[in-house]
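Just so we're aligned, residue 1 is where the sequence shown starts under my numbering, counting upward by one. Structure, as structure tokens:
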Amino acid sequence: MAGLLSCSALYAEPPAGYDFLAYDEGLAQAKQDGRKVFVYFGRYGCGFCDKVNKESFSDASIQKLYSENYVLVYVNSEGSKRMTLPSGERITEMQLGERMNTLGTPVFYFLDADGKELLKIYGYQSVDRLKQMHNYIADAAYASGSFSEYRGKH
């Protein structure tokens with residue numbers, strides 16, 4: 001019984017209270033709406049995914065900010081769920097994770113409406129850092145410099 005409890009404590013699902021879509025559905029929605037995409041790569045047994053869900057994504061201001069400004073996508077980087085890419089190719093969530101070099105989790109991507117990468121960040125992120133990431137995207141600072149440079153100025 002103790003083994004079951006410790007495993008469930010490490011189990012990380014998408015954060016509660018968010019309307020996450022599958023990757024292919026999210027890209028289609030973003031293209032239709034002309035919105036940017038926030039992609040969260042997580043996996044089962046990821047302690048830092050659980051930590052960021054409980055400590056950062058549970059914050060009401062983050063939930064509002066991200067839900068209002070992005071098409072939200074969650075990908076289980078070890079998942080076998082199949083999806084169809086814009087090219088028509090069918091791959092699994094795990095294959096997508098490999099292609100996008102999600103070597104560890106969590107990994108967060110911001111994409112434009114066409115699926116082009118604007119920002120990629122690894123690991124646990126605090127509420128303040130999630131706000132900085134949003135501001136970097138909202139200010140279109142990715143067009144003129146790195147996130148590290150942006151953080152140094154803001």
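Here a beta-carbon is modelled for each residue, glycine too, at the ideal position from N, C-alpha and C.
Presumed contact (8 Å Cβ cut-off) between residue i and residue j, rounded CB distance
| i | j | result |
| --- | --- | --- |
| residue 113 | residue 35 | 6 Å |
| residue 70 | residue 40 | Between residue 40 and residue 70 the Cβ distance is about 10 Å, and since that is not below 8 Å, they are no contact. |
| residue 52 | residue 111 | Residue 52 to residue 111, Cβ: 19 Å. No contact. |
Sub-8 Å separation of residue i and residue j beta-carbons
| i | j | result |
| --- | --- | --- |
| residue 65 | residue 134 | yes |
| residue 89 | residue 77 | no |
Neighbourhood of residue i by C-beta, 8 Å cutoff - its chain only, sequence neighbours within 5 removed
| i | result |
| --- | --- |
| residue 126 | 55, 56 |
| residue 4 | Only weak support exists for where residue 4 lies, its pLDDT of 41 falling under 50; the value from the coordinates is given anyway. Correct list: empty, nothing qualifies. |
For residue i, the residue or residues it bridges with in DSSP
| i | result |
| --- | --- |
| residue 91 | 83 |
| residue 120 | 109 |
| residue 74 | 40 |
| residue 21 | 73 |
6 Å CB neighbourhood of residue i in its chain, flanking five on each side removed
| i | result |
| --- | --- |
| residue 21 | 73 |
| residue 1 | Caution applies to residue 1, whose pLDDT of 42 falls short of 50 and renders its modelled position unreliable; the model cannot decide the point. |
Own chain, CB closer than 7 Å to residue i, minus 5 neighbours either side, in chain order
| i | result |
| --- | --- |
| residue 136 | 119, 142, 147, 150 |
Start-to-end residues for the alpha helix (DSSP H) that takes in residue i
| i | result |
| --- | --- |
| residue 129 | 127-138 |
| residue 53 | 47-55 |
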